[in-house]
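So the sequence lines, in the order shown, correspond to chains A and B. In this text, residue positions in the first sequence follow my numbering: the first is 1, and each later residue adds one. In this text, residue positions in the second sequence follow my numbering: the first is 349, and each later residue adds one. Backbone N, C-alpha and C fix where the C-beta goes; we use that ideal spot for every residue, glycine too.
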Amino acid sequence: MATVDLKDVRKVYPGGVEAVKGVSIAIPDKALCVLVGPSGCGKSTLLRMIAGLETISDGTCAFDGKVVNTIGPTERDIAMVFQNYALYPHMKVYDNMAYGLRNRGTPKDEIDRRVRETAKILELSHLLDRRPRELSGGQRQRVAMGRAIVRQPKVFLFDEPLSNLDAKLRGQMRVEIKNLQRALGVTSVYVTHDQLEAMTLADILVVMNAGKVEQMGNPLDIYEQPASTFVASFIGAPPMNLLPITNGKFTDGSALSITAPAGATILGFRPEDADVTESAPKQGLTLPAKVEGVEPVGAESFLYCAAAGQRIVVRVSGRALHEIGAKLTVSAPLEKLHWFDKDGKRVG
Amino acid sequence: MAEPSKGHDKLMIGQSPTGIYIAHAILILGVIVVAFPIYYTFVASTHSLQTILRPPLPLLPGDRFIENYSEALFGGVGRIGGVPVWTLLFNTTVVALGIAIGKIIISILSAYAIVFFRFPLRMTFFWIIFITLMLPVEVRILPTYKVMVDLGLIDTYAGLIVPLIASATATLLFRQFFLTIPGELVEAARVDGAGPFRFFKDILLPLSRTNIAALFVILFIYGWTQYLWPLLVTNDNQMNTIVIALKKMVSFADADTEWHLVMVTAMLAIVPPILVVVLMQRWFVRGLVDTEK
Numbered sequence: 001m002a003t004v005d006l007k008d009v010r011k012v013y014p015g016g017v018e019a020v021k022g023v024s025i026a027i028p029d030k031a032l033c034v035l036v037g038p039s040g041c042g043k044s045t046l047l048r049m050i051a052g053l054e055t056i057s058d059g060t061c062a063f064d065g066k067v068v069n070t071i072g073p074t075e076r077d078i079a080m081v082f083q084n085y086a087l088y089p090h091m092k093v094y095d096n097m098a099y100g101l102r103n104r105g106t107p108k109d110e111i112d113r114r115v116r117e118t119a120k121i122l123e124l125s126h127l128l129d130r131r132p133r134e135l136s137g138g139q140r141q142r143v144a145m146g147r148a149i150v151r152q153p154k155v156f157l158f159d160e161p162l163s164n165l166d167a168k169l170r171g172q173m174r175v176e177i178k179n180l181q182r183a184l185g186v187t188s189v190y191v192t193h194d195q196l197e198a199m200t201l202a203d204i205l206v207v208m209n210a211g212k213v214e215q216m217g218n219p220l221d222i223y224e225q226p227a228s229t230f231v232a233s234f235i236g237a238p239p240m241n242l243l244p245i246t247n248g249k250f251t252d253g254s255a256l257s258i259t260a261p262a263g264a265t266i267l268g269f270r271p272e273d274a275d276v277t278e279s280a281p282k283q284g285l286t287l288p289a290k291v292e293g294v295e296p297v298g299a300e301s302f303l304y305c306a307a308a309g310q311r312i313v314v315r316v317s318g319r320a321l322h323e324i325g326a327k328l329t330v331s332a333p334l335e336k337l338h339w340f341d342k343d344g345k346r347v348g
Numbered sequence: 349m350a351e352p353s354k355g356h357d358k359l360m361i362g363q364s365p366t367g368i369y370i371a372h373a374i375l376i377l378g379v380i381v382v383a384f385p386i387y388y389t390f391v392a393s394t395h396s397l398q399t400i401l402r403p404p405l406p407l408l409p410g411d412r413f414i415e416n417y418s419e420a421l422f423g424g425v426g427r428i429g430g431v432p433v434w435t436l437l438f439n440t441t442v443v444a445l446g447i448a449i450g451k452i453i454i455s456i457l458s459a460y461a462i463v464f465f466r467f468p469l470r471m472t473f474f475w476i477i478f479i480t481l482m483l484p485v486e487v488r489i490l491p492t493y494k495v496m497v498d499l500g501l502i503d504t505y506a507g508l509i510v511p512l513i514a515s516a517t518a519t520l521l522f523r524q525f526f527l528t529i530p531g532e533l534v535e536a537a538r539v540d541g542a543g544p545f546r547f548f549k550d551i552l553l554p555l556s557r558t559n560i561a562a563l564f565v566i567l568f569i570y571g572w573t574q575y576l577w578p579l580l581v582t583n584d585n586q587m588n589t590i591v592i593a594l595k596k597m598v599s600f601a602d603a604d605t606e607w608h609l610v611m612v613t614a615m616l617a618i619v620p621p622i623l624v625v626v627l628m629q630r631w632f633v634r635g636l637v638d639t640e641k
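Put into structure tokens, the structure is as follows:
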């Protein structure tokens with residue numbers, strides 16, 4: 001229903017702190033764009049600027065090509081889901097959902113129809129007469145979603161909506177949000193610090209750091225080709241192993257089994273791309289390592305090893321039968337290696 | 349959500365029977381100490397002047413309840429210019445309600461402005477309001493009186509009410525409460541299309557209703573028991589409040605004082621504050637029980 005275009009958007013707070021340092025993102029119609037990054041990276045500020053809750057210091061924000069910089073949140077026709085739900089505590093679920101429509105002068109029967117319809121989609125029909133404090137966390141979350149959906153806005157904005165839910169519910173709601181967003185086809189911007197949420201939800205993933213976009217694109221492309229060490233260590237769990245190299249040697253002085261491309265000072269490989277089985281073809285990178293810790297998680301296990309003067313993680317499927325102190329060889333295929341230069345940028 | 353019942357925990361304290369007896373004895377003693385003077389006033393209000401003046405005063409109510417109360421309420425009391433007590437009650441009610449409601453309106457609006465709006469000199473205004481906390485009515489009473497005289501508000505309800513309406517305490521209370529309202533709620537309302545007035549009316553007022561109820565009780569009693577200001581600003585007996593009139597009824601000479609009517613007036617003077625406390629208490633206890641945050 002709308003495209004969102006950010007052009008060189010900046011936020012400078014009075015006092016000179018620059019929270020967002022020139023961000024440009026183009027979100028096509030019906031896409032779900034996820035802003036991910038550590039806390040303080042400016043992702044929430046950016047979202048609030050799109051919402052109109054925060055003024056834009058420089059640059060433009062446009063919906064459907066129309067610049068909305070000076071328009072208030074009401075007229076921008078957006079709906080927002082907040083981290084702590086921000087439900088009106090004194091209103092019933094029904095009124096919470098109807099409030100925005102009433103303020104817009106929607107006719108009563110139309111409000112009633114839309115509220116009941118939305119409640120049905122979100123399985124809230126039996127809760128319409130309750131007050132927020134009588135609901136569980138997951139139900140409140142649904143009401144907050146309902147309040148956004150019922151308005152049929154141009155753009156949905158989500159500000160870490162799942163961070164107050166327990167892990168199981170979070171997984172469930174994640175799937176639900178994705179399905180709802182697809183079904184309704186509303187352009188959405190979703191802020192999170194959880195890389196798993198970011199990977200699974202995003203059509204466009206934007207990784208932010210220190211007020212800037214580190215990398216933007218398809219989530220799997222970002223996973224496969226992280227543009228910097230920051231992205232490499234932020235996307236993927238456990239994070240990518242990063243080993244500094246100088247003149248073909250690791251920090252402990254041992255030589256690299258392969259030649260590094262020119263300018264590369266950091267070698268990276270993902271725990272899931274490494275192999276420790278004896279029979280594995282010893283092509284690409286090989287590293288002698290010593291097991292320092294084993295973390296069985298059920299379907300897989302993580303081996304924490306000392307190698308090349310660093311601590312690295314290797315994922316082993318099934319149960320790991322390695323003992324602490326055991327020596328083994330970690331190998332990783334050439335095409336799964338990532339090289340970064342001294343500024344942390346990707347090489348090759 | 350599922351909390352263990354708290355009532356049970358409280359029963360654990362003082363479970364021994366002796367403890368309970370001692371506790372009750374102390375409570376009953378306290379009630380007697382507080383209630384006996386009021387009971388005695390009531391007893392005196394149902395006897396004739398002669399009975400009251402001839403000690404000892406009986407401990408049981410007399411037979412002149414209806415006569416005394418109707419004489420005081422509608423007949424008029426000689427020492428205060430023949431003004432009937434119901435006029436005094438009416439005056440005091442107007443003044444107490446005016447002060448309580450006025451104070452609440454003014455302070456909730458100023459707190460709203462100070463907390464939710466960014467305007468130049470915002471903190472200066474806040475501190476100016478805050479500083480007036482240190483200035484009791486008595487300190488600024490002469491200039492205030494002069495202003496009232498110049499405005500021709502002596503012997504008017506406005507003169508009785510307006511100078512007592514500004515309230516730093518209530519403003520601060522509302523400010524503290526508003527500061528606890530999460531920013532997200534304000535933003536959610538903005539996204540939902542609620543302007544400043546709608547936000548105030550639909551969100552802030554309903555959330556403040558327990559605070560308003562509690563303040564109303566306190567401020568009503570504050571207004572009801574005002575003494576110095578009404579004494580200064582009223583000359584006409586018709587405009588007296590009940591506390592002032594009560595003072596005026598009592599003469600230095602015992603024989604000159606219609607004690608039975610004084611007692612009736614005293615009884616009537618405490619009825620409205622009691623009513624307000626009893627009725628409103630229910631309200632704000634209920635409010636305290638369902639904390640909606």
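When the beta-carbon positions are compared, L512/B and I453/B stay at least 7 Å from each other.
The beta carbon of D411/B does not come within 7 Å of any beta carbon belonging to chain A, so the residue lies off that interface. Residue pairing by DSSP places C61/A opposite L6/A in a beta bridge. Sequence-distant Cβ neighbours of A255/A in its own chain, meaning closer than 7 Å and more than five residues away, are G248, K249.
Using a Cβ-Cβ cut-off of 7 Å, R466/B does not count as an interface residue toward chain A, since no Cβ of chain A sits closer than that to its own. DSSP places V598/B in no alpha helix (DSSP H); its state is neither H nor E.
Identification of residues in the segment 511-541 of chain B having a C-beta nearer than 7 Å to some C-beta of chain A yields P530, E532, L533, E535, A536, R538, V539, D540, G541, given in sequence order. By the rule that beta-carbons nearer than 7 Å mark a contact, R104/A touches chain B.
Between F474/B and I462/B, the C-beta spacing is below 7 Å. Under the 8 Å Cβ criterion, the segment 41-56 of chain A counts as touching the segment 65-73 of chain A, having at least three qualifying pairs. Runs of the alpha helix (DSSP H) spanning 4 or more residues and lying entirely within the segment 539-606 of chain B occur at 553-572, 576-581, 590-597, in chain order. For R130/A, the closest alpha carbon among the candidates A210/A, R113/A, A148/A, H90/A is that of H90/A. Listed along chain A are Y88, P89, H90, each with a C-beta nearer than 9 Å to that of L555/B. Counting only residues of its own chain and dropping the five nearest sequence neighbours on each side, W572/B has a CB closer than 7 Å to the CB of T440, A444, P620, P621.
Taken through DSSP and simplified to helix, strand or coil, D341/A comes out as coil. When V36/A, H338/A, V20/A, M240/A are compared, the shortest CA-CA separation from L6/A is found for V20/A. Of all residues in the segment 546-570 of chain B, those with a C-beta nearer than 8 Å to a C-beta of chain A are R546, D550, I551, P554, L555, reading in chain order. Taking a cut-off of 8 Å for Cβ pairs, the segment 14-32 of chain A and the segment 92-108 of chain A do not touch, as fewer than three such pairs fall below it. For L46/A, the nearest beta carbon of chain B is not closer than 7 Å to its own beta carbon.
Considering only beta carbons, the part of the segment 55-81 of chain A lying closer than 7 Å to chain B consists of P73, T74, I78, A79, M80, in chain order. Here T259/A has G248 as same chain residues with Cβ atoms under 8 Å from its own Cβ, once five neighbours each way along the sequence are excluded. In terms of CA proximity to F522/B, I477/B leads the group R488/B, P403/B, I477/B.
Note on I368/B: under 16 other CB atoms within 10 angstroms of its CB, so exposed under the neighbour-count rule. Take the alpha-carbon of P271/A and the one of W339/A: they are about 15 Å apart. Within its own chain, the residues whose Cβ lies closer than 8 Å to the Cβ of I618/B, once the five positions on either side in sequence are excluded, are I386, listed in chain order. In terms of Cβ geometry, A518/B and L563/B form a close pair [threshold 7 Å]. The distance from the Cβ of V191/A to that of L47/A is about 5 Å, consistent with a contact at the 8 Å cut-off. If you draw a straight line from the Cα of L242/A to the Cα of V330/A, it comes to about 14 Å.
Any Cβ of chain B closer than 7 Å to the Cβ of Y99/A would place that residue at the interface, and such an atom is present. Cβ-Cβ distances below 6 Å link I324/A to V291 in the same chain, with the five nearest sequence neighbours on each side left out; the list follows chain order. Between K178/A and L196/A, the C-beta spacing is not below 7 Å. Note on geometry: alpha-carbon atoms of I569/B and L499/B lie some 27 Å from one another. Here DSSP, grouped into helix, strand and coil, assigns G171/A to helix.
Straight-line measurement puts the Cα of G37/A at about 28 Å from the Cα of S136/A.
Within chain B, V539 have C-beta atoms less than 7 Å from the C-beta of A51/A, given in sequence order. S393/B is the residue among S393/B, Q574/B, S364/B whose C-alpha sits nearest the C-alpha of V610/B.
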